[in-house]
Structures are given as structure tokens and as C-alpha cells.
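Colleague:
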Amino acid sequence: MSLFQTCIHDSHVKLGAKMVDFAGWHMPIQYTSIVSEHNAVRERAGIFDVSHMGQIFISGKDASSFLSFVTTWDMNRLYDGDCRYCHILNEEGQIIDDTIVYTFGNEDYMLVPNASMVGKIFDWLNLQSVNFEVSISNKSEDFFCFAVQGPQALRLLRQYFNLSISPFKLVKSGNIIISGTGYTGEKGYEIMGPLSESLEIWESFLEMGALPIGLGARDTLRLEKGYLLSGTDFNGTQTTLESGYSWVIDWNHNFIGKEKLISQKEKGHKVLSGILLEERGVLRPGLPVYLDGVQVSELTSGSLSPILKRGIGLSYLDLPIGTMVNVLIRNKQLKGRVIQTPFL
Amino acid sequence: MSEIPENLNYTKDHEWVGPSEDGGVKIGITDYAQDSLSDVVFVELPNVGDEYQRGEVMAVAESVKAASDIYAPISGKIISINEKLEESPELVNESPYGSGWMVLMEPSEDMSALINAESYKNSLD
Numbered sequence: 002m003s004l005f006q007t008c009i010h011d012s013h014v015k016l017g018a019k020m021v022d023f024a025g026w027h028m029p030i031q032y033t034s035i036v037s038e039h040n041a042v043r044e045r046a047g048i049f050d051v052s053h054m055g056q057i058f059i060s061g062k063d064a065s066s067f068l069s070f071v072t073t074w075d076m077n078r079l080y081d082g083d084c085r086y087c088h089i090l091n092e093e094g095q096i097i098d099d100t101i102v103y104t105f106g107n108e109d110y111m112l113v114p115n116a117s118m119v120g121k122i123f124d125w126l127n128l129q130s131v132n133f134e135v136s137i138s139n140k141s142e143d144f145f146c147f148a149v150q151g152p153q154a155l156r157l158l159r160q161y162f163n164l165s166i167s168p169f170k171l172v173k174s175g176n177i178i179i180s181g182t183g184y185t186g187e188k189g190y191e192i193m194g195p196l197s198e199s200l201e202i203w204e205s206f207l208e209m210g211a212l213p214i215g216l217g218a219r220d221t222l223r224l225e226k227g228y229l230l231s232g233t234d235f236n237g238t239q240t241t242l243e244s245g246y247s248w249v250i251d252w253n254h255n256f257i258g259k260e261k262l263i264s265q266k267e268k269g270h271k272v273l274s275g276i277l278l279e280e281r282g283v284l285r286p287g288l289p290v291y292l293d294g295v296q297v298s299e300l301t302s303g304s305l306s307p308i309l310k311r312g313i314g315l316s317y318l319d320l321p322i323g324t325m326v327n328v329l330i331r332n333k334q335l336k337g338r339v340i341q342t343p344f345l
Numbered sequence: 003m004s005e006i007p008e009n010l011n012y013t014k015d016h017e018w019v020g021p022s023e024d025g026g027v028k029i030g031i032t033d034y035a036q037d038s039l040s041d042v043v044f045v046e047l048p049n050v051g052d053e054y055q056r057g058e059v060m061a062v063a064e065s066v067k068a069a070s071d072i073y074a075p076i077s078g079k080i081i082s083i084n085e086k087l088e089e090s091p092e093l094v095n096e097s098p099y100g101s102g103w104m105v106l107m108e109p110s111e112d113m114s115a116l117i118n119a120e121s122y123k124n125s126l127d
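Protein chains in written order, with my numbering: chain A, 2 to 345; chain B, 3 to 127.
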């Protein structure tokens, strides 16, 4: 199967990016180096092509009650122009995907699922919508999406669009949607719009000084903040409670998976926790985690924090914050501490 | 274009072996290897006194994305390691043939298993 290409694929190649297969897309993993791109976002501003992400529109009389039913959040609590991060669960309370809901009006919403999950989420929404008067359309192929992130990101937004944005709010400029969202923990926003306008915006932001950033740095940036990576930190078998994101649950409304979450809450459960390596080394997904010589878990994510210069990772653990564990790397037990994320 | 100094010997696995003023031979990874790895953020070196057969894993260089084994280019005993790499692994990127060297080895065999600069260059094409 050939890989999908985003609308500005040729620009990545011209910029000399190393390209990789990511969720069926031919995407830039780095343009120069992961560490320098990571630091550019923390210190200045970077722009990411994340056009592989999905855009699913939900409209109709029951749009609000439908989305409240299929996500962990109650849409009645959102106003026009609000964006909300939440989870889409199956009946077992397990995370199918995490997403951001964009509120254009109480009968007009957009969901942004992860690239690899667009088809599954679209099918799931259709399956669940039989008793609701809603129309669901997958417009993922019609939209580009760029994330501009970093302390200087807002200056670039004013410079180009002559407007500003608050965290988790959205504004429209013509047919462009701009939201105060991102995946780096820095100030920033995401820009979505029709493919025909993508190249002009991409090149303008590069000219204004935003550095192009690949998926490699996107991963280290999100990991330093303890943000979940779909398919890696959850793969269909973990619940929202286990992921440590209980704050995305509004318990005062009815939603798919709620009953299971309630019973799990009573019984207790593992929680995705941070592990900060106390010795020199780099953590990797899949490495086994030991407590007192017995393997208790493995890492879902792992890397080296370019800012802390320490190995960092995530693992589903039933251990208090502060517990000392070991991570087995190449037959060596390296000391790590269980910590509350974010790492940074 | 990778830099490939004429005065060094190489392996097809992208290690270089060169003369050392302190006796023994200096070993590191090539410019091509450091560029492929990208940011080296961690280097695990052997202990002084360890002995390796040619082709055995002797060290590991890790980038943000991946770990890469470094093989003993020849058989011998480690007589010194570049301790600067512990604090500054980026030296491997900045100066792979200079301050980014990895170990000093006392060889227990001759250099006949190694290839010269021209052969190494051809192996990259």
C-alpha cells in the first residue's frame, strides 16, 4: 500500500526532512535534529504539519446530546467557541481514542481524532448514532492542520492573521479555524482549513521565523508534559481512570463506559505514571519495570528529555509517587523514581 | 557528503580505527554513522580492561529515537575510554574523528580485517 501524503509533502522533502511511515502517512520525523527542534519549540516557535489528523463534523438537532453520550464530557457545559479535550470510550470504559471537540454551536461540532483512528472513530460514531438525529461527516481529507507552538507563537499569529487566541478557545478567520490547542505544553495554537490555503500559510509562518518541527520532537515534547500518545500509551485496553486523565470525565452525565468506570473507581486500579531515571540512560517503550526484583509492568512510552537530559518514561503502575523502581536496559537494572507527570 | 579521513581504517559497520600517541589504537564511529544516528544523547562505553573479540558489541550510542550497537572493529583489550562522552555525548556528532572518539584499545591482532578509506567510501555508495 502506498503512503498518504499531506498537502505540503513536497515542502518537507525540499526542506531536507527525514521522512517515515507514520500511521500510513509519509511524514517528516525531523528536518535538522530532534533535540534542536525540541529546543526551538521550548525557546522560540515551531510549526508542525499535522494534516494527518482527522476532522469529523457532527451536526443536527441532537448533536450536543449525542457527543455527550459518546465522549467523557458533557457538551451542555461548552459554549460556542470552546474546545474540549476528552476521551471516546467503549462499553468497558476503555479508551478508543482521545480527541478535541470544537464547539461551533450547540448543533454544530467538530471532532479531531488521531490519524490512525479516523476510520474507527467515524464507524463507531455512526454505530452509536442510531437513536440520535445527527449528521456525521468525515472531512479529514479536505483539511490541512498545522500546529504553531512556542513562546513566540502568539506573536506570529497576530502578525499573520491579526488576531489573538486564548487556550482552548477557537476563532474563525474566513474559512480557517484557529484553536488555542496543541500537544507540546507550550503556548500555541492549531490552524485548520481547506487544502488550497495550506501552502501559503505554511510558507508564511516559515518566513516569519517559525522552525519546521518533525514528529520526533513532537513525541519528546508531549512526553515531557506527560501527554498520552494514541496507540502507544493506550491501545484499546486501558480506561480513562487508568490513563490518569480522570479530569476529562464529567460524572454528572450519561456516557458510554460510565458504569464500568464507576465500578473500577470503587475497586481501585493501576495508573499511568511517570518514571524519571535516576541514572544516566535513555528509556524506550517496552522496557520492563521491576520492583524489588520482580517485574511489575513495562514502559508504554520512553525517551530522553532533551531539557532535563534524563531518561523519562510512562508505565501503568499501582505504586505510590516516590517509589523507587528499576528499569531493565541491556541487562542492567537502572534506578528510576515514580513521579507525577508532567516531567517538565 | 560524509567526511572520511584518508589516514584511518574502517569497518563496514561504520567504525573507524586510528593511531594513537598513547599507544594502542583509537576507535570511534564515522561521520556517516553519527549523521545517521542524529543527536547522540547517551553513549555506553565498556570498562577499562574488558577484552573483546572482533565483531562483539563493545559500546552503544543512543539518539533520542534509537539505540545503535557499536562493534569491536578488531580484537583486543580496552586500555582507556573517552570519559568526556559521559557528560557530553554530543561530541560524537560534533567531532566524530576528534574529541568524539570512544575507546583506546590494545589490539591482539593485526589490522588486516579492516578496510581503507577508499573501500569504506565505496561501501557507502
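For each residue, glycine too, the CB sits at the ideal point set by N, CA and C.
(1) Between the stretch 311-329 of chain A and the stretch 11-24 of chain B, are three or more C-beta pairs nearer than 8 Å?
(2) In chain order, what are the residue ranges of uninterrupted alpha helix (DSSP H) at least 4 long that sit wholly in the stretch 64-126 of chain B?
(3) Nearest-angstrom Cα distance between B:Val60 and B:Asn95?
(4) Nearest-angstrom Cα distance between A:Ser37 and A:Glu225?
(5) Can you name the start and end residues of the beta strand (DSSP E) that A:Asp98 belongs to?
(6) Strictly below 7 Å CB to CB, what residues from chain A border B:Lys67?
(7) Once DSSP output is grouped into helix, strand and coil, what is the label at A:Met118?
(8) On a Cα-Cα basis, can you pick out the residue from A:Val102, A:Arg338 and A:Ile97 that is closest to A:Cys84?
(9) Output yes if chain B places a C-beta closer than 8 Å to the C-beta of A:Thr233; else output no.
(10) Within 10 Å of its beta-carbon, does A:Lys248 have 16 or more other beta-carbons around it, so buried, or fewer, so exposed?
(11) Name the chain B residues whose beta carbon is nearer than 7 Å to that of A:Gly282?
(12) Are A:Leu155 and A:Lys188 close, meaning C-beta to C-beta below 8 Å?
(13) Let me confirm a value: B:Leu106 is counted as buried when at least 16 other C-beta atoms fall within 10 Å, else exposed. Which label applies?
(14) Under 8 Å Cβ to Cβ from A:Met111, same chain only, skipping five residues before and after it: list those, please.
(15) Considering B:Asp33, what are the terminal residues of the alpha helix (DSSP H) in which it resides?
(16) Should B:Ser90 be flagged as near chain A, meaning a C-beta pair shorter than 8 Å?
(17) For A:Glu191, which residues does DSSP report across the bridge?
(18) When the distance is taken between beta carbons, is A:Ile263 closer than 8 Å to A:Asn91?
(19) Check this for me: beta carbons of A:His10 and A:His27, under 8 Å apart or not?
(20) Could you have a look at A:Ile35 and say whether DSSP puts it in helix, strand or coil?
(21) Verify the CB distance criterion: does A:Pro307 have a CB-CB separation below 8 Å to chain B?
(22) For the stretch 50-67 of chain B, which residues have a beta carbon sitting closer than 8 Å to at least one beta carbon of chain A?
(23) List, in chain order, every chain B residue whose beta-carbon is nearer than 8 Å to that of A:Phe221.
(24) Does any residue of chain A have a CB that is nearer than 8 Å to the CB of B:Asp41?
(25) How would you write the range of the beta strand (DSSP E) that A:Met209 sits in, first residue to last?
(26) Between the stretch 16-30 of chain A and the stretch 165-179 of chain A, can you find at least three pairs of beta-carbon atoms closer than 8 Å?
(27) Which of the three DSSP states is assigned to A:Gln334 in this structure?
(28) Can you give the Cα-Cα distance for A:Asn236 and A:Ser304, rounded to whole angstroms?
(29) Measuring straight from C-alpha to C-alpha, what distance separates B:Tyr122 and A:Ser302?
(30) Between which two residues does the alpha helix (DSSP H) holding A:Arg159 run?
(31) Could you check whether the Cβ of A:Gln31 sits closer than 8 Å to any Cβ belonging to chain B?
(32) Please report the residue range of the alpha helix (DSSP H) in which A:Gly232 lies.
(33) Who pairs with A:Asp83 in a beta bridge, going by DSSP?
(34) Spatial neighbours of A:Ser94 within its chain, please: C-beta separation below 6 Å, excluding the five flanking residues on both sides.
(35) Classify B:Pro91 as buried or exposed, calling it buried when 16 or more other Cβ atoms lie within 10 Å of its own Cβ.
(36) So, is the C-beta of A:Tyr304 closer than 8 Å to a C-beta in chain B?
Modeller: In short, the structure shows the following:
(1) no
(2) Taking only runs of at least 4 residues, the alpha helix (DSSP H) segments lying wholly in the stretch 64-126 of chain B are 86-89, 93-96 and 119-126.
(3) Taking the first residue of the second sequence as 1, we reach residue 60 of chain B at position 58. Taking the first residue of the second sequence as 1, we reach residue 95 of chain B at position 93. The sequence shown places Met at residue 60 of chain B, rather than the Val named in the question. Distance between the alpha carbons of B:Met60 and B:Asn95 is about 19 Å.
(4) On the first sequence, residue 37 of chain A is found 36 positions in, with the first residue counted as 1. On the first sequence, residue 225 of chain A is found 224 positions in, with the first residue counted as 1. A:Ser37 and A:Glu225: Cα-Cα distance of roughly 15 Å.
(5) Here residue 98 of chain A corresponds to residue number 97 of the first sequence, with the count starting at 1. Taken as a continuous stretch (DSSP letters only), the beta strand (DSSP E) holding A:Asp98 covers Ile96 to Gly106.
(6) Your numbering for residue 67 of chain B matches position 65 in the second sequence. Result: Ile35 and Gly217.
(7) Position 117 of the first sequence, counted from the start, is the residue given in the question as residue 118 of chain A. Three-state result, A:Met118: helix.
(8) In the first sequence, the residue the question calls residue 84 of chain A occupies position 83. Nearest C-alpha to A:Cys84: A:Val102.
(9) In the first sequence, counting from the first residue as 1, residue 233 of chain A sits at position 232. Answer no: the Cβ-Cβ gap between A:Thr233 and chain B never drops below 8 Å.
(10) Counting from 1 along the first sequence, the entry for residue 248 of chain A is found at position 247. It is worth fixing the name first, because residue 248 of chain A is Trp in this sequence and not Lys. A:Trp248 comes out exposed.
(11) Walking along the first sequence from the start, residue 282 of chain A turns up at place 281. The contacting residues are Phe44.
(12) Sequence index remark: in the first sequence, residue 155 of chain A carries index 154 (1-based). Sequence index remark: in the first sequence, residue 188 of chain A carries index 187 (1-based). Yes, the pair counts as a contact, with Cβ atoms nearer than the cut-off.
(13) Counting from 1 along the second sequence, the entry for residue 106 of chain B is found at position 104. Answer is buried; the Cβ neighbour count reaches 16.
(14) As a working mapping, residue 111 of chain A is identified with position 110 in the first sequence. Closer than 8 Å at Cβ, skipping near neighbours: Gln56, Ile57, Phe58, Ile59, Val102, Tyr103, Phe105 and Ile178.
(15) Within the second sequence, residue 33 of chain B is the residue found at index 31, counting from 1. From DSSP, the alpha helix (DSSP H) with B:Asp33 extends over Asp33 to Leu39.
(16) Taking the second sequence and counting its residues from 1, one reaches residue 90 of chain B at position 88. No, no contact with chain A.
(17) Position 190 of the first sequence, counting from 1, holds the residue named residue 191 of chain A. Note: A:Glu191 sits in a beta bridge opposite A:Ala148 and A:Ser180.
(18) Numbered from 1 along the first sequence, position 90 holds the residue referred to as residue 91 of chain A. Numbered from 1 along the first sequence, position 262 holds the residue referred to as residue 263 of chain A. For A:Asn91 and A:Ile263, no; Cβs fall outside 8 Å.
(19) Sequence index remark: in the first sequence, residue 10 of chain A carries index 9 (1-based). Sequence index remark: in the first sequence, residue 27 of chain A carries index 26 (1-based). It is a contact, given that the beta carbons lie within the stated cut-off.
(20) Residue 35 of chain A sits at position 34 when you count from the first residue of the first sequence. Note: A:Ile35 maps to helix in three-state DSSP.
(21) Within the first sequence, numbered from 1, the residue matching residue 307 of chain A stands at position 306. So, interface residue.
(22) Val62, Glu64, Ser65, Val66 and Lys67
(23) Here the question's residue 221 of chain A lines up with position 220 in the first sequence. Inspection of the sequence shows that residue 221 of chain A is occupied by Thr rather than by Phe. Val66, listed in chain order.
(24) Residue 41 of chain B sits at position 39 when you count from the first residue of the second sequence. With 8 Å as the cut-off, B:Asp41 counts as an interface residue toward chain A.
(25) In the first sequence, counting from the first residue as 1, residue 209 of chain A sits at position 208. Segment Ser199 to Met209 is the alpha helix (DSSP H) holding A:Met209; no beta strand (DSSP E) there.
(26) Touching, no.
(27) As a first step, residue 334 of chain A must be located in the first sequence, where it is residue number 333. Strand at A:Gln334.
(28) For the purposes of this step, residue 236 of chain A is taken as residue 235 along the first sequence, with counting starting at 1. For the purposes of this step, residue 304 of chain A is taken as residue 303 along the first sequence, with counting starting at 1. A:Asn236 and A:Ser304: Cα-Cα distance of roughly 19 Å.
(29) Within the second sequence, numbered from 1, the residue matching residue 122 of chain B stands at position 120. Within the first sequence, numbered from 1, the residue matching residue 302 of chain A stands at position 301. B:Tyr122 and A:Ser302: Cα-Cα distance of roughly 37 Å.
(30) Taking the first sequence and counting its residues from 1, one reaches residue 159 of chain A at position 158. Ala154 to Phe162 is the extent of the alpha helix (DSSP H) around A:Arg159.
(31) Looking up residue 31 of chain A in the first sequence gives position 30. Closer than 8 Å to some Cβ of chain B, the Cβ of A:Gln31 qualifies, so yes.
(32) Here residue 232 of chain A is taken as the residue at index 231 of the first sequence, counted from 1. Run containing A:Gly232: none; DSSP gives neither H nor E here.
(33) In the first sequence, counting from the first residue as 1, residue 83 of chain A sits at position 82. According to DSSP, which records beta bridges pairwise, A:Asp83 is partnered with A:Lys170.
(34) Along the first sequence, one-based indexing puts residue 94 of chain A at 93. In the sequence as presented, Ser is not what sits at residue 94 of chain A; that position holds Gly. Same-chain partners within the cutoff: Thr240, Gly258, Lys261 and Leu262.
(35) The count along the second sequence starts at 1 and reaches residue 91 of chain B at position 89. So B:Pro91 counts as buried.
(36) Taking the first sequence and counting its residues from 1, one reaches residue 304 of chain A at position 303. With the sequence shown as reference, residue 304 of chain A is identified as Ser, and Tyr is not the correct amino acid for it. A:Ser304 counts as touching chain B.
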